[in-house]
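Chemist: Here this note's numbering is used: position 376 in the sequence shown is 401, and no number is missing along the way.
The structure's right below; bear with me while I get my questions together.
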Amino acid sequence: MPDRSRLAKNTAFQYGLQLAKYLFPFVTVAYLTRALGPDVYAIRAYVMAAMTFMLMFLEFGFTTYGTKSIAEATSRDEECIETSAITYTRIGLSVAGAIVLIPITIALPLMAANPVYVAIAYIGTCFKAYLPDYIFRGQEDMGIITYRYVVSQIVAVGLIFLLVNGPADLLLVPVLEGLGALIALVWSWENVFRKRGIKLVHVGSQRLKSVFGESTIYFISTASTGILSSITLLFIGYFITDAAQVSYWSIAMTAVVAVQALYSPITNSLFPHMVKRKDFDIFKKLMLVGMPVVLVGTIAFALLDNVIMLLLGGEEFMAGAYMIALVSPILFFSYPAQMLGTPVLAAVGRVRQMTISSVTACLFQIIGLILLAAMGAFTIEAVAILRCSSEAVLFVVRAIFAMQYFREQKTSSASC
26 MPDRSRLAKN TAFQYGLQLA KYLFPFVTVA YLTRALGPDV YAIRAYVMAA
76 MTFMLMFLEF GFTTYGTKSI AEATSRDEEC IETSAITYTR IGLSVAGAIV
126 LIPITIALPL MAANPVYVAI AYIGTCFKAY LPDYIFRGQE DMGIITYRYV
176 VSQIVAVGLI FLLVNGPADL LLVPVLEGLG ALIALVWSWE NVFRKRGIKL
226 VHVGSQRLKS VFGESTIYFI STASTGILSS ITLLFIGYFI TDAAQVSYWS
276 IAMTAVVAVQ ALYSPITNSL FPHMVKRKDF DIFKKLMLVG MPVVLVGTIA
326 FALLDNVIML LLGGEEFMAG AYMIALVSPI LFFSYPAQML GTPVLAAVGR
376 VRQMTISSVT ACLFQIIGLI LLAAMGAFTI EAVAILRCSS EAVLFVVRAI
426 FAMQYFREQK TSSASC
């Protein structure tokens with residue numbers, strides 16, 4: 026079947042992209058920590074953390090919303106209008122983000138001491154935010170995303186290796202990383218304009234407000250996940266006085282996130298396919314095949330806790346290997362939760378329900394953390410169990426919403 030062949034091809038490209046996103050940052054970090062030294066590298070690490078949040082704000086759910094809009098578009102004119110509305114809104118958000126970033130930079134000592142670095146890093150972040158990846162995803166042509174990322178990173182990382190030789194070269198780092206982002210940006214828009222014939226056109230204020238409002242729902246759903254992780258770490262840092270246990274948690278969650286990222290190529294490729302075709306047969310097959318694999322993988326993840334901790338942390342962190350086994354159930358619940366998210370609920374127009382499920386899981390985690398603290402039961406083990414439970418809540422709520430949709434469809438078909 027041609028449509029499913031395209032789905033398989035896009036999934037393969039997405040896995041290639043995921044591999045590259047592991048490889049290039051790892052190589053860059055390994056080199057820069059040595060070239061800059063721990064004190065100077067801390068500047069890059071701190072600013073990068075801030076830019077991660079800025080990028081989340083600038084993207085504002087447009088990648089998911091835009092993918093759905095382009096997949097549903099029935100003409101080139103519709104694609105031009107949607108692309109223009111998203112682009113103009115992103116530019117407006119980047120201006121707002123710069124205004125917000127100024128007082129933040131002034132308030133935080135490390136950023137205040139390096140304002141030029143922050144400014145250059147923010148420009149590079151804007152370049153990333155302006156990427157029209159939603160067009161490629163919506164048109165189910167994801168190869169360019171992988172090719173573009175690999176080539177732009179080869180240039181950026183190669184120049185970093187060549188030109189950054191010591192702490193004095195610190196400002197070259199955001200410049201070269203921004204250059205890589207600029208190459209990706211120019212490459213992408215050249216393809217959009219020339220090959221796909223999509224142009225930027227005038228869009229009225231009402232349409233801009235509509236796009237902003239609709240994408241906000243996606244943003245809330247995405248942001249809930251980030252808030253959940255950040256709040257959990259904040260509570261741990263406050264109530265857990267043993268620094269070693271905080272490190273165990275951080276390493277364990279790093280391993281979990283790395284495995285969860287392996288689910289993304291499937292959901293990213295499946296989403297536009299489902300928007301266009303509502304192909305629930307392939308969804309069922311991916312669930313039937315995927316869940317046993319995920320179950321075996323989760324068990325293996327737990328049993329290999331010592332090996333994983335040794336690889337990620339080293340000998341001195343081996344006492345915390347048990348933490349990896351404790352958080353392993355997250356992997357089992359997160360696969361069906363992700364599959365029921367954008368590929369099902371968002372694809373069939375139940376975006377609000379998808380967002381409600383994300384917010385519900387986030388609130389469950391926050392309330393649980395507060396209760397643990399109030400009862401004097403705040404231990405790293407209790408937090409691990411709570412985090413697994415919140416992922417289960419996310420899955421259950423999404424499953425309930427999905428079943429409601431399927432029942433409605435069955436009733437509608439029967440009445441016809």
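Note that the Cβ used here is the ideal one computed from N, Cα and C, for glycine as well.
It should be emphasised that the depicted structure is a prediction, and the values quoted were computed from it without experimental measurement.
Alpha carbon to alpha carbon, how far is E103 from M316?
Modeler: 38 Å
Chemist: Hey, how far is the Cα of L48 from the Cα of K224?
Modeler: 34 Å
Chemist: Can you tell me where the alpha helix (DSSP H) holding D158 begins and where it ends?
Modeler: D158 to G163
Chemist: Here's the rule: buried if 16 or more other CB atoms are within 10 angstroms of the residue's CB, otherwise exposed. What is S383?
Modeler: The residue in question, S383, is buried, as its Cβ has 16 or more Cβ neighbours within 10 Å.
Chemist: On a Cα-Cα basis, can you pick out the residue from G168, I405 and P368 that is closest to R31?
Modeler: G168
Chemist: Using the three-state DSSP reduction, which class does H298 fall into: helix, strand or coil?
Modeler: Secondary structure of H298 (DSSP, three-state): helix.
Chemist: Alpha carbon to alpha carbon, what distance is there between A346 and I160?
Modeler: Each residue's Cα considered, the two are about 42 Å apart.
Chemist: For S177, collect the residues of the same chain with a Cβ closer than 8 Å to its Cβ; drop the 5 residues on either side in sequence, then sort them by chain order.
Modeler: G205, A206, I208, A209 and W212
Chemist: Using the C-alpha atoms, what's the distance from V65 back to L195?
Modeler: Between L195 and V65, the C-alpha separation is close to 8 Å.
Chemist: Between which two residues does the alpha helix (DSSP H) carrying A98 extend?
Modeler: Neither: A98 is in no alpha helix (DSSP H) and is coded neither H nor E.
Chemist: Is the distance from the Cβ of C105 to the Cβ of V226 below 8 Å?
Modeler: V226 sits close to C105, with the two beta carbons spaced by under 8 Å.
Chemist: Less than 8 Å between the C-beta atoms of I333 and I349, yes or no?
Modeler: yes
Chemist: What are the uninterrupted segments assigned as alpha helix (DSSP H) that are 4 or more residues long and contained completely in the segment 307-383, given in chain order?
Modeler: 330-337, 347-352 and 354-365
Chemist: If you draw a straight line from the alpha carbon of E97 to that of A402, how long is it in whole angstroms?
Modeler: So the alpha carbons of these two residues sit roughly 50 Å apart.
Chemist: With burial defined as no fewer than 16 other Cβ atoms inside 10 Å of the residue's Cβ, what is the status of D306: buried or exposed?
Modeler: exposed
Chemist: Assess contact between the segment 415-428 and the segment 278-297, defined as three or more Cβ pairs (one per stretch) separated by less than 8 Å. Is contact present?
Modeler: no
Chemist: Over what stretch of residues does the alpha helix (DSSP H) that includes D194 continue unbroken?
Modeler: Careful: D194 lies outside any alpha helix (DSSP H) and carries neither H nor E.
Chemist: With hydrogens ignored, establish whether the beta-carbon of K93 is closer than 7 Å to any heavy atom of the ligand ATP.
Modeler: Summarising the ligand content, the structure contains no ligands, and the ligand ATP is consequently not present.
Chemist: I need the boundaries of the alpha helix (DSSP H) containing A67, first residue and last residue.
Modeler: Residues P63 to E84.
Chemist: Please work out which residues of its chain come closer than 7 Å, Cβ to Cβ, to V271, disregarding the five sequence neighbours upstream and downstream, and give them in chain order.
Modeler: I261, G262 and I265
Chemist: My parser needs the alpha helix (DSSP H) runs of 4 or more residues fully inside the segment 107-179; what are they?
Modeler: 134-137, 140-154 and 158-163
Chemist: When you compare only the Cα positions, how much space is there between A121 and A74?
Modeler: 19 Å
Chemist: Pick from I127, K309, V54 and F431: whose alpha carbon is nearest that of M364?
Modeler: K309
Chemist: Can you name the start and end residues of the alpha helix (DSSP H) that Y243 belongs to?
Modeler: S230 to F264
Chemist: Check the C-beta distance from L356 over to V319 and give it rounded, since I have them as a contact under 8 Å.
Modeler: 7 Å
Chemist: Give the secondary structure of Y288 by DSSP, where H, G and I count as helix, E and B as strand, and everything else as coil.
Modeler: Correct three-state label for Y288: coil.
Chemist: Can you tell me the Cβ-Cβ gap for F11 and S249, rounded? I've got them flagged as a contact below 8 Å.
Modeler: Here the chain comprises residues numbered 26 to 441, so residue 11 is not present and cannot be evaluated.
Chemist: Report back the beta-carbon spacing between L80 and K34 to the nearest angstrom; my notes put them in contact at under 8 Å.
Modeler: Rounded, the Cβ-Cβ distance is 28 Å, inconsistent with contact.
Chemist: Please classify M400: does DSSP put it in a helix, a strand, or coil?
Modeler: Here M400 sits in coil by DSSP.
Chemist: Whether or not the segment 131-150 and the segment 171-189 are in contact is what I'm after, with contact meaning three or more pairs of Cβ atoms, one per stretch, closer than 8 Å; do they touch?
Modeler: no
Chemist: Given this structure, state the Cα-to-Cα distance separating L118 from A327, to the nearest angstrom.
Modeler: 42 Å
Chemist: Does the Cβ of S437 have 16 or more other Cβ atoms within 10 Å, making it buried, or fewer, making it exposed?
Modeler: exposed
Chemist: Could you name the residues of the same chain whose beta carbon sits closer than 8 Å to that of T114, not counting the 5 residues immediately before and after it, in chain order?
Modeler: F85, F87, L233, V236, F237 and S240
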